[in-house]
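Asks: Here you go, one structure.
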Amino acid sequence: MTYQATHCIFASHIKQCSLIMKEFGEYLKALREAKGLSLREVERKTEVSNAYLSQMESGKIKQPSPITLNKLAELYGISYNILMEKVGYPITQHSNRQVTHNPPLAARIGDISDEEELELLQYLKLIRNRRR
Numbered sequence: 097m098t099y100q101a102t103h104c105i106f107a108s109h110i111k112q113c114s115l116i117m118k119e120f121g122e123y124l125k126a127l128r129e130a131k132g133l134s135l136r137e138v139e140r141k142t143e144v145s146n147a148y149l150s151q152m153e154s155g156k157i158k159q160p161s162p163i164t165l166n167k168l169a170e171l172y173g174i175s176y177n178i179l180m181e182k183v184g185y186p187i188t189q190h191s192n193r194q195v196t197h198n199p200p201l202a203a204r205i206g207d208i209s210d211e212e213e214l215e216l217l218q219y220l221k222l223i224r225n226r227r228r
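All residue numbers for the sequence shown refer to my numbering, where the first residue is 97 and numbers rise by one.
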């Protein structure tokens, strides 16, 4: 567990946790602004509501989901692990890959390369876009 996550767990360190979240929010805002994006543009591209994004940037959301962090990492072109670690999720040496949201599916597929995983994710996105 990271130092930040440990501090966020204990109620006696709420102030420290708030500081970490404020720093994370400022970091997210800086990433968004560096890309020249508004909250609404990020919402359109990630399907994360602009209200939720605003709360993340202001430090009100304590621990965004890994799925949300993955969407933001992809959009901002940064490491998913960096965002995970900044909000206190434990990161292992072997967590270079994105979060597997459906372990039974992963078990059926078996080991795949990063390139194959990217192709599968792109194909899934295509299928989901067709349904709209």
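We treat Cβ as the ideally placed atom computed from N, Cα and C, and that holds for glycine. All of these numbers come straight from a predicted model, not from anything done at the bench.
1) Would you mind stating whether G184 and G155 have Cβ atoms separated by less than 8 Å?
2) Compute the Euclidean distance between the alpha carbons of E144 and L127, then round it to the nearest angstrom.
3) Taking the alpha helix (DSSP H) that Q159 belongs to, which residues open and close that run?
4) Leaving aside the five residues before and after Q159 along the sequence, list all residues of the same chain whose C-beta is less than 6 Å from its C-beta, in chain order.
Replies: Let me lay it out:
1) no
2) What sits at residue 144 in the sequence shown is Val, not Glu. Distance between the alpha carbons of V144 and L127: 16 Å.
3) Segment: none, Q159 is in no alpha helix (DSSP H) and carries neither H nor E.
4) V183
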